[in-house]
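Worksheet for the structure shown next.
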C-alpha cells in the first residue's frame, strides 16, 4: 500500500514476469476474455507479465496481464517486423482500471525488452487506447488499420505506434 496525496492508502500493483507456460497462458486468456470477451494468447516464447495487488477479490489475484516479444538481434532491416520489440497485449481488469496499473505494466515490459536489445518498441493499439499509449511516449505511424473480422470489438480499428529508446537513433 502507498499513501496518496489525500492521505488514503492506495493499493500498489506488483508487476512481475512469469514463465510462458500452459498454466500462466490459461490465466492470461482468462483475464483477456474478461476484458474483451475473447481469449488472447501471448506469443510463443514471448515475455508474459502478471500484475497483482494485495487484498483483491479475484480468484487467482491477477488484475492485469501484458505480453511482448523481443526484437531479433540478427535482423538489421527496419522494414522487417522482427527488427522491433513488440508489446502484443495489455489487459487490466475493469474493476482496477484508471489506477495507473496499465502504465506500470507497460513500463515494466519496456524495461524487460530494453534489457535485451536497444531497439524501438512497436504495438498495435485499439482506437480507445491510443491516447493512453501517447501519454507513455508512443507515436502513431501511418493511418489506422480497419479489421474486417476482428473477433474482439476492441480490435476493429488498430493504430500502429512506436516508441524509441534514447540510445537508439533511427537510420532509415
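Numbering (the working numbering), first residue to last: 2 to 173.
Glycine included, each C-beta is placed from N, C-alpha and C at the ideal position.
For residue 118, there is no enclosing alpha helix (DSSP H), as DSSP marks it with neither H nor E. DSSP places residue 35 in the uninterrupted alpha helix (DSSP H) bounded by 23 to 37. DSSP places residue 131 in the uninterrupted alpha helix (DSSP H) bounded by 131 to 136.
For residue 65, the uninterrupted beta strand (DSSP E) segment begins and ends at 63 to 70.
Residue 90 is not a Cβ neighbour of residue 65, given a cutoff of 8 Å. Around the beta-carbon of residue 36, 16 or more other beta-carbon atoms lie within 10 Å, marking it buried.
Assigned with DSSP and collapsed to three states, residue 106 falls in helix. Taking the CA atoms as reference points, residue 84 sits about 5 Å from residue 72.
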